[in-house]
Amino acid sequence: MQYASTRGHATAQNFSEILLAGLAPDGGLYLPQSYPQVTQDELNAWRSLSYAELAFEVLRKFATDIPEADLKALVEKTYTAEVYRNARVDEDASQITPLRTLEDRNGRKLILQALSNGPTLAFKDMAMQLLGNLFEYTLDKQKEELNIFGATSGDTGSAAEYAMRGKHGIRVFMLSPHKKMSAFQTAQMFSLQDPNIFNIAVEGVFDDCQDMVKAVSNDHAFKNQQKIGTVNSINWARVVAQVVYYFRGYLSATTRNDQKVSFTVPSGNFGNICAGHIARMMGLPIEKLVVATNENDVLDEFFRTGIYRVRKSAETWHTTSPSMDISKASNFERFIHDLLDGDADRVAALFRKVETSGGFDLSGKAGSDGDEFKKVAKFGFQSGKSVHADRLNTIRLVEQKYGITIDTHTADGIKVALEHIEDGIPMIVLETALAAKFNETIQEALGRDAERPAGFENIEALPQHFTVMAADVTQMKAFISAHTML
Ligand SMILES: *Cc1c(COP(=O)(O)O)cnc(C)c1O
0 MQYASTRGHA TAQNFSEILL AGLAPDGGLY LPQSYPQVTQ DELNAWRSLS
50 YAELAFEVLR KFATDIPEAD LKALVEKTYT AEVYRNARVD EDASQITPLR
100 TLEDRNGRKL ILQALSNGPT LAFKDMAMQL LGNLFEYTLD KQKEELNIFG
150 ATSGDTGSAA EYAMRGKHGI RVFMLSPHKK MSAFQTAQMF SLQDPNIFNI
200 AVEGVFDDCQ DMVKAVSNDH AFKNQQKIGT VNSINWARVV AQVVYYFRGY
250 LSATTRNDQK VSFTVPSGNF GNICAGHIAR MMGLPIEKLV VATNENDVLD
300 EFFRTGIYRV RKSAETWHTT SPSMDISKAS NFERFIHDLL DGDADRVAAL
350 FRKVETSGGF DLSGKAGSDG DEFKKVAKFG FQSGKSVHAD RLNTIRLVEQ
400 KYGITIDTHT ADGIKVALEH IEDGIPMIVL ETALAAKFNE TIQEALGRDA
450 ERPAGFENIE ALPQHFTVMA ADVTQMKAFI SAHTML
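Position 7 (the sequence shown) corresponds to 6 in numbering that gives the first Met the number 0; numbering is contiguous.
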């Protein structure tokens, strides 16, 4: 299996070669040259597999240059009940992503698939934990080292740190805005005492942190010398690890391959639902892929109108589902590539236009950049939007009707799913975080605290390990150099 850039101008590479890469050299994103297909026989055989066995079957189609025995061992180490132990008391942790039927009435079935039972209580663990093991394996083989440098406002940074802690050959330097994360998220990251994890609290806002990451990334000499890499959501291995749970969800919710299911996905950077799109392109019988956004509705606007209009930082809302607060969706280019039948020159032109004029228009109306919006339905995509008041209502409704507490992002998903559910086709909503992470809003909705999984009771009281720093790139580089000396 070879990978090429969505913009066409990068030499084809294999899975291991793009594992540690971010953008392709031409500014595009990597995609396989064609999507591997699943047969009916495979689907039947996969129904009885464990999560780890299923992950191996899916991943071996993409990571063809990793010896199968090695891949199998990596996957088995990643997807264990021990790692996904934060399941609710009535869930089976060994399922890794257990399904719960919320409602099955008048032919309408609403199912929740829990992706948030890993170490940081958010779905990013599903992919990041695999990435940690893949990175360590690859670096060991190459006798190489990697210094991961990133910025976070919450979920991504903690998922990366918990995936990379204690791994040889890897250090993590993670910037976060000083005193701007929730107490729980701060405690999750800063209580790590592993010597390869460096938390840097920047005196500024999230954009200042991101600007520092950009400045370091643009200094190619420094980047090469210090072996700097990233783990952001465009990483191909992260996307492909997420394909697995769409297979798991489908296979658990059906008994025969002529049945279909739909998925609703709380979305921000379009990484999660892009994996659903890939599963569908591989032949998984998915009827609809419903994009759920919050007030930051860039994606909902596109899927309603065909117009992609990115927002400026100042126009981005700070919402109570903060992991979906994006101004542009970094994985969206992968879908546009497929929507345009792989026409790399047009993809390149459209995304150059995003840089120069803030977006593009595929509505087919006079003066637009194309009419491919009419093909969106063929790919199963639909969308909807949810705002703070909807989140509160949905959290209350789910507690009253089904007796469980959901987080704010999952609430956005359920609100939108209920607008798209159809007779005879189960609707699976992906649960992307546990409520404990967003307790402030649970308090507002329910007047009580969210339950915390065992072991998290007093996390805020643990000793914290971090360095406060001004938003100063020179100081940042000196810090990295001082801590990467062999
Ligand atoms: C990251 C995140 C999302 C958005 O996922 P994308 O892949 O960026 O679309 C949704 N919910 C939670 C809790 C997240 O952490």
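Using N, Cα and C, we set each Cβ at its ideal position, and we do this for glycine too.
Being a predicted model, the structure only gives us computed values, none of them experimental.
Under the three-state reduction of DSSP, proline 97 is assigned to coil, being neither helix nor strand. Short of 7 Å from the beta carbon of glycine 203, and not among the five residues preceding or following it, lie these beta carbons of its own chain, in chain order: Pro176 and Ala470.
By a beta-carbon distance limit of 8 Å, threonine 409 contacts glutamate 430. Their separation comes to about 5 Å.
Between isoleucine 110 and proline 425, the beta carbon gap of about 6 Å places them in contact (Cβ cut-off 8 Å).
Between serine 320 and aspartate 411, the C-beta gap is smaller than 7 Å, which places the two residues in contact.
Secondary structure at glycine 156: helix, using DSSP grouped into helix, strand and coil.
Placement of the Cβ of proline 452 at a distance of 6 Å or more from every heavy atom of ligand 1 is found.
For threonine 254, the shortest separation between its Cβ and any heavy atom of ligand 1 does not lie below 6 Å.
The Cβ atoms of aspartate 154 and serine 385 lie no closer than 7 Å to each other. The C-alpha of aspartate 344 lies about 48 Å from the C-alpha of leucine 396. For threonine 355, the three-state secondary structure derived from DSSP is helix. As DSSP reads the structure, glutamate 430 sits in a beta bridge with Ala113.
If you draw a straight line from the Cα of tyrosine 83 to the Cα of glutamine 192, it comes to about 21 Å. By the CB criterion at 7 Å, valine 309 and alanine 274 fall outside the cutoff. Distance from phenylalanine 183 to asparagine 438 at the Cβ level is roughly 6 Å; contact confirmed, criterion being Cβ atoms closer than 8 Å. Around the C-beta of valine 57, 16 or more other C-beta atoms lie within 10 Å, and the residue is accordingly described as buried. For isoleucine 233, the three-state secondary structure derived from DSSP is coil.
For arginine 84, the secondary structure class from DSSP, reduced to helix, strand or coil, is coil. Shown here, methionine 180 sits in coil according to DSSP, grouped into three states, outside any helix or strand.
Shown here, glutamate 398 sits in a helix according to DSSP, grouped into three states. Taking 6 Å as the cut-off, the C-beta of asparagine 271 counts as close to a heavy atom of ligand 1. Going by DSSP, asparagine 132 is part of no beta strand (DSSP E) but of the alpha helix (DSSP H) stretching over 123-141. The residue from Ile147, Gln381, Ala159 and Leu133 with its alpha-carbon nearest to that of phenylalanine 122 is Ala159.
The criterion of a C-beta distance shorter than 7 Å is satisfied by leucine 114 and methionine 125. In the three-state reduction of the DSSP assignment, arginine 345 falls in the helix class.
Here glycine 357 has Arg308 and Val309 as same chain residues with Cβ atoms under 7 Å from its own Cβ, once five neighbours each way along the sequence are excluded.
Annotated three-state conformation of valine 215 is helix, per DSSP. Contact annotation: serine 480 and serine 329 have beta-carbon atoms that are not nearer than 7 Å. Cβ neighbours of aspartate 257 within its own chain (closer than 8 Å, five residues either side excluded): Pro284. Between the region 64-83 and the region 129-145, the count of C-beta pairs closer than 8 Å reaches three or more; the two stretches touch. A check of alpha carbon separations from alanine 449 across Leu145, Leu433 and Arg351 identifies Leu433 as the nearest.
A direct Cα-Cα distance of roughly 42 Å separates glycine 165 from glutamate 300. Partner residues in the beta bridge of glutamine 381, as assigned by DSSP, are Val289. With 16 or more neighbouring CB atoms inside 10 Å of its own CB, alanine 240 falls in the buried class. Short note on serine 367: C-beta not closer than 6 Å to any heavy atom of ligand 1. Residue environment: glutamate 332 is assigned as buried (16 or more neighbouring CB atoms within 10 Å of its CB, all protein chains considered).
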